[in-house]
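Data first, discussion second: the structure below is written as structure tokens.
Residue numbers (this note's numbering): 42 to 178.
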């Protein structure tokens, strides 16, 4: 009877697959400050701004509120993410949620906020900022 399965080949293939899997258990570092960039499409001006986690900063007609900002240890492949909520202040002064989700610094176009006048994307996370922390922090 012919052998259809080469177990040595299968074992070597499976072993090589596991050798190149990234460390999914890499330590995730929590940062108190998210760094965003935004563009005003009318003026073409790009602004970079720091926002403390759970605080809100206004950029044009948008309010940006990061809820978490994660990075990895220096020894790991970079992966910087934030969960952010972005609200728009409408002309009739109502607040409308236009984005709630994850942003990725290494793929800024993936989940950037694309508004008619403003775009906002994640640049990174950091432990400190030149901007003083909000009172009560």
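Built from N, CA and C at the ideal position, the CB exists for glycine as well.
| query | result |
| --- | --- |
| Residue(s) in a DSSP beta bridge with residue 99 | 104 |
| 8 Å Cβ shell around residue 168 - same chain, five flanking residues per side excluded | 72, 73, 74 |
| Beta-carbon proximity of residue 97 to residue 106, cut-off 8 Å | yes |
| Alpha-carbon spacing of residue 124 relative to residue 155, whole angstroms | 16 Å |
| Contact set for residue 145: own chain, Cβ-Cβ below 6 Å, skip 5 residues either direction | 122, 151 |
| Residue burial classification, residue 147 (beta-carbon count within 10 angstroms, cutoff 16) | exposed |
| Limits of the unbroken beta strand (DSSP E) element including residue 160 | 159-167 |
| Integer Cβ distance of residue 94 from residue 109, believed to fall under 8 Å | 6 Å |
| Collapsed DSSP secondary structure at residue 94 in the structure displayed | coil |
| Nearest-angstrom Cα separation, counted from residue 85 out to residue 100 | 14 Å |
| Option nearest residue 80 by Cα separation, candidates 120, 129, 161 | 161 |
| Whole-Å CB distance - residue 157 paired with residue 130, under 8 Å assumed | Contact flag wrong, Cβ pair sits at about 13 Å. |
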